[in-house]
Amino acid sequence: MKVKDCMCHNVTWCKPETLVADCAKMMCNGHIGCIPVCDNENKVVGLVTDRDILLRCVACDKDSKTIPVSDIMSCNVCCCEPNTKIEEAENLMAENQIRRIPVIENNKIVGILTLGDLANNQNISEESICDTLENICDCNNAKNNG
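The numbering of the sequence shown is this note's numbering, which starts it at 791 and goes up by one.
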């Protein structure tokens, strides 16, 4: 099975200059916890999560109505392609301890694959999903663990 068989095709994304408050409203309206940040060519340049908003904006007393998402987004985003095998995407998610991975084709965003997408797919084993989740949450395997 490939990522394109499981991913969400309707992706909400924003631009680097989008204000954090507007991004948060997009998340709220879409019932999502993550928004890719794309440039004018739809190339992924960052990713903003609800956690980023909380820790990098609210907790730092920044004004979400004046701060652009480029100030709080994560850069160097791990991505995959539509034809990537699901097992490879799961490995990327586990290795990078991420629950969501943007899907790109020709350097443009075409979808997003989430842990929820994997869990909702009847063709992916429960054991595989549990292993991926366990590896994502394993602090002992964190890349940036000091």
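Each residue gets a CB set at the ideal place from its N, CA and C atoms; glycine is no exception.
Predicted model only: the values in this text are computed from it and were never measured.
Using a Cβ-Cβ distance cut-off of 8 Å, the stretch 865 to 872 and the stretch 831 to 847 are in contact, since at least three pairs of beta carbons, one from each stretch, lie closer than that value. Annotated as proximal: Val810 and Ile857, with beta-carbon spacing under 8 Å. Closest option to Asp829, judged by alpha-carbon separation, among Cys920, Lys898, Leu908: Lys898. The straight-line gap separating the alpha-carbon atoms of Ala814 and Glu916 is approximately 32 Å. CA-CA distance, Asn881 to Ile894, rounds to 17 Å.
Taken through DSSP and simplified to helix, strand or coil, Thr856 comes out as coil. Taking the Cβ atoms as the reference, Cys798 lies roughly 15 Å from Met816, outside the contact range of under 8 Å.
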